[in-house]
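Taking it in order: structure first as structure tokens, then the write-up.
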Amino acid sequence: MLLYHAIGTPLAAAPYSLTVSVKQFEEQMRWLRDQPDIEGVSLEAGVQLLSANPSRRLVAVTFDDGYLDNLTVAAPLLSKLGLPCTVFVTASYLTRQPSSRPLFLSIDDLRVLSEIAGVSIGAHGYSHRPLTRLSQFELNTELGEAKALLEGVIRRRVATLSYPHGAVNAQVIEAAKACGYDYGATSFIGLNRRGRSPWLLSRTEITGKDNLEDFCRKVRGDYDWYGLKQRLYWPIPQG
Ligand SMILES: [Zn+2]
């Protein structure tokens, strides 16, 4: 599973290259589409197909935070190429941004995005706080309000969650289950193999520093060693 943030929008405050240029993104997605042995799937379909037939090579494209360019740039291109995607939206960003220079999707934008063929909407928390640092009450509110707000806008069930800052533990997973989510996406790099918990799905982040060769290597799993290192430094419960 691939993790993107902004496509083409420069982010002044970003600590590292969160923005992938439009040219890079288009090149990467065309490469994906052209691989005869790789199938672009939605996150949900990917998890189901993986358990049915682990030898298939599946790639799911995801975006975190809910940048406006996911609607204006990424989704139209992916739709044209026949590649599904999931956009994980931080619910409070839908209304809390300067109208003069909107960086994130508005409520109307989200509705339009959700109607594009192949696009699924997931939650990325309500306020983007790390879920592992919240009290039980705050955790339930954060996850429940995000789900309710997004479902109210798109009028469909929101079953997927990506953990803000990649912060997850057993308590977060239990709260997500109780709030009615079915899948949780982490920020741990790596391919997902059969048997991976649907609550600890790995995602390999693509940044603006990746050229096409880096991208191909990431898709093939050449960076999976880094995910093992991440898990060592941030042990999480398996299962
Ligand atoms: Zn985020």
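Residues 83 to 321 (the numbering used here) are what the sequence shown spells out, left to right. Think of the CB as a built atom: it goes at the ideal place given N, C-alpha and C, for glycine as much as any other residue. Since the structure is predicted, the reported quantities are computational estimates derived from the model, not experimental observations.
Item, Value
"How would you call Gln218, buried or exposed, if buried means at least 16 neighbouring beta carbons within 10 angstroms?", "exposed"
"I need the straight-line Cα distance from Pro184 to Tyr308, nearest angstrom please.", "34 Å"
"Mapping DSSP to helix, strand and coil, what is Val171?", "strand"
"Evaluate Lys105 with the Cβ neighbour count: other Cβ atoms within 10 Å of its Cβ, from every protein chain shown; 16 or more gives buried, anything less gives exposed.", "exposed"
"Should His210 and Thr177 be called a contact, given that it needs their Cβ atoms to be closer than 8 Å?", "no"
"Nearest by alpha-carbon distance to Glu126: which of Leu192, Thr144, Asn293, Gly226 is it?", "Thr144"
"If we define contact as Cβ-Cβ less than 8 Å, is Glu227 a contact residue for chain B?", "The structure shown contains no chain B, having only a single protein chain."
"Write down every uninterrupted run of the alpha helix (DSSP H) in the segment 106-174 whose length is 4 residues or greater and which is fully enclosed by it, in chain order.", "125-134, 157-163"
"Any heavy atom of ligand 1 within a distance shorter than 7 Å of the CB on Pro118?", "no"
"Assess contact between the segment 266-283 and the segment 212-229, defined as three or more Cβ pairs (one per stretch) separated by less than 8 Å. Is contact present?", "no"
"Measure the Cβ-Cβ separation of Ser161 and Ile198 and say whether it is below 8 Å.", "yes"
"Does the distance from the C-beta atom of Ala241 to that of Tyr265 stay below 8 Å?", "yes"
"Please determine, among Ser196, Ala260, Leu163, the residue with the shortest C-alpha to C-alpha distance to Gln234.", "Correcting the residue identity first, residue 234 is Gly in this sequence and not Gln. Nearest C-alpha to Gly234: Ser196."
"Using a Cβ-Cβ cutoff of less than 8 Å, which residues in the same chain neighbour Arg115 once the five nearest sequence positions on both sides are dropped?", "Gly122, Leu163, Gly164, Leu165"
"Can you list, in chain order, every residue whose CB sits closer than 7 Å to a heavy atom of ligand 1?", "Asp146, Asp147, Thr172, His206, His210, Pro246, His247"
"Determine the closest residue to Glu224 out of Asn152, Thr154, Leu140, Val254, with distance taken between C-alpha atoms.", "Val254"
"Where in the segment 170-209 do unbroken runs of the beta strand (DSSP E), each at least 3 residues long, occur, reported from the N-terminal end onward?", "201-205"
"Report the rounded CA-to-CA distance for His279 versus Gln179, giving the unit in angstroms.", "According to the sequence provided, residue 279 is Ser. The question's His does not apply to it. Computed Cα separation, rounded: 35 Å."
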